[in-house]
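Quick note: the sequence shown uses UniProt numbering, first residue 1, plus one each step. For each residue, glycine too, the CB sits at the ideal point set by N, CA and C.
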Amino acid sequence: MTTAMPRSPGAETTGDQDEDRHPLDAHVQDPSGMTPLCGADMFAAIVDGMVADFAPRVFAVVQEYGDRVDARIAAWGIAFDDHAEVVGVDGGLRMSLQTPENALRGFTWGSHITARLVWVNPGAATPANDAEFLRRSHNIRSLNRARRERGG
């Protein structure tokens, strides 16, 4: 896990404790006297789990021309529990919607171009390069060979 801590402009210390405080510190309890919840590695694992558990789902709005004649990704979206954010790939279009499905109306044109949601499936991605493809292919061949040798 990588955590970046923002550094505000002019954060140099002057020696005067009141002058060194950020204006927003007046609204947040000072944690300097508090004990950490756990060690750094455990805290990183907890935060990683929290991010994985609460990550929004990513989807594409795909425009289809005719009956599988052609298709294009028209927008990308992020679905949260209570709303969705959609950004057009051509720039300039931003939508904040109650549900991802509400974006479809804006991308369906007449009777020849229909829109549909496609949820991102990371496992369906094309390998990044030939070496990656060969590595995956080799691993699959090795697994198949091992199964044959075991008789399974």
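### Query
From which residue to which residue does the alpha helix (DSSP H) around D30 run?
Unbroken run through D30: none, as it is neither H nor E.
### Message
What does DSSP give as the partner residue(s) for F59 in the beta ladder?
### Response
Beta-bridge analysis with DSSP links F59 to G77 and W119.
#### Entry: C-alpha distance - E101 paired with L117, whole-angstrom precision
When rounded, the distance between both Cα atoms is 7 Å.
### Query
Applying the criterion that 16 or more other CB atoms from any shown protein chain within 10 Å of the CB defines a buried residue, is Q29 buried or exposed?
It counts as exposed.
### Task
Take the Cβ of V86 as the centre, count every other Cβ of all protein chains shown within 10 Å, and call the residue buried at 16 or more, exposed below.
The residue in question, V86, is buried, as its Cβ has 16 or more Cβ neighbours within 10 Å.
### Task
Would you tell me roughly how many angstroms separate the C-alpha atoms of F107 and F80, rounded to the nearest one?
The straight-line gap from Cα to Cα measures roughly 20 Å.
#### Entry: At least 3 beta-carbon pairs within less than 8 Å: the segment 62 to 75 vs the segment 110 to 127
Contact between the segment 62 to 75 and the segment 110 to 127 is present: 3 or more CB-CB pairs across the two stretches fall below 8 Å.
### Task
Could you say which of V69, D70 and T99 lies nearest to G77 if we only look at CA atoms?
Residue T99 holds the alpha-carbon nearest to the alpha-carbon of G77 among V69, D70 and T99.
#### Entry: C-beta contact flag for A74 and G88 at 8 Å
Contact: yes.
### Query
In three-state DSSP terms, what is L24?
Helix.
### Task
Spell out the partners DSSP gives S96 in its beta bridges.
Beta-bridge partners of S96 (DSSP): E85.
### Message
The alpha helix (DSSP H) that contains D90, what's its start and end?
### Response
Neither: D90 is in no alpha helix (DSSP H) and is coded neither H nor E.
### Query
Distance, Cα to Cα, A103 vs G91?
The straight-line gap from Cα to Cα measures roughly 16 Å.
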